[in-house]
Amino acid sequence: MNLEREITRLNSIVEEKLQVEDIVVRQKKQDQVLGRMVVCNILMDNGLTPAMLARHYKQHRTNYYHYRKKHDNYLEIPRMYPEYIQLYKYTTEEYRKRAKDVSMLSKLQRMEIIEEIDRSVETLLERKVEVLKTIEIDENKRNSFRLATA
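Taking this note's numbering, I'd label the letters of the sequence shown as residues 12 to 161.
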């Protein structure tokens, strides 16, 4: 189970329902934006932050604050955008049916944190290798200096 797979599962539910090829594109076609907004709000409902979504969808995090504001408006006044409300409910229910573990959606935030830790560890290991290389270079310089002065 990983975060990427669960986000893909949510995306595919929306893509099937809206009959669009892909919602993870930079295009601003109405159905694609609607689909992205639904998926992102479901993910935010379950603990993912706009910064986490920005990393995944490669868009600026402020888009997700806008999605959240619109989401709240649509829930408050359902007749404002009934298609959004229907798709949101359908996607949530369909995801729960398809997921092997019904509590999986609530695990998304923890999975993102684990992936973030993995990225940090990888970055630290790369930095460690760089530092070790500089130590080796410094030792080689010292050894060659000792040989030259002896």
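Cβ atoms here follow ideal geometry from the backbone N, Cα and C, with glycine treated the same way.
Please read all numbers here as calculations on a predicted model, not as lab measurements.
{"Item": "Please state whether the Cβ-Cβ distance between Y85 and P61 is less than 8 Å.", "Value": "no"}
{"Item": "Do N52 and I34 have their beta-carbon atoms positioned less than 8 Å apart in this structure?", "Value": "no"}
{"Item": "On the three-pair Cβ rule with 8 Å, is the region 98 to 112 touching the region 42 to 49?", "Value": "yes"}
{"Item": "Got a sec, what are the start and stop residues for the alpha helix (DSSP H) G58 sits in?", "Value": "First-last for G58: undefined, no H or E at that position."}
{"Item": "Drop a sphere of 10 angstroms on the beta-carbon of H82, count the other beta-carbons inside from all chains shown, and report buried for 16 or more, exposed for fewer.", "Value": "buried"}
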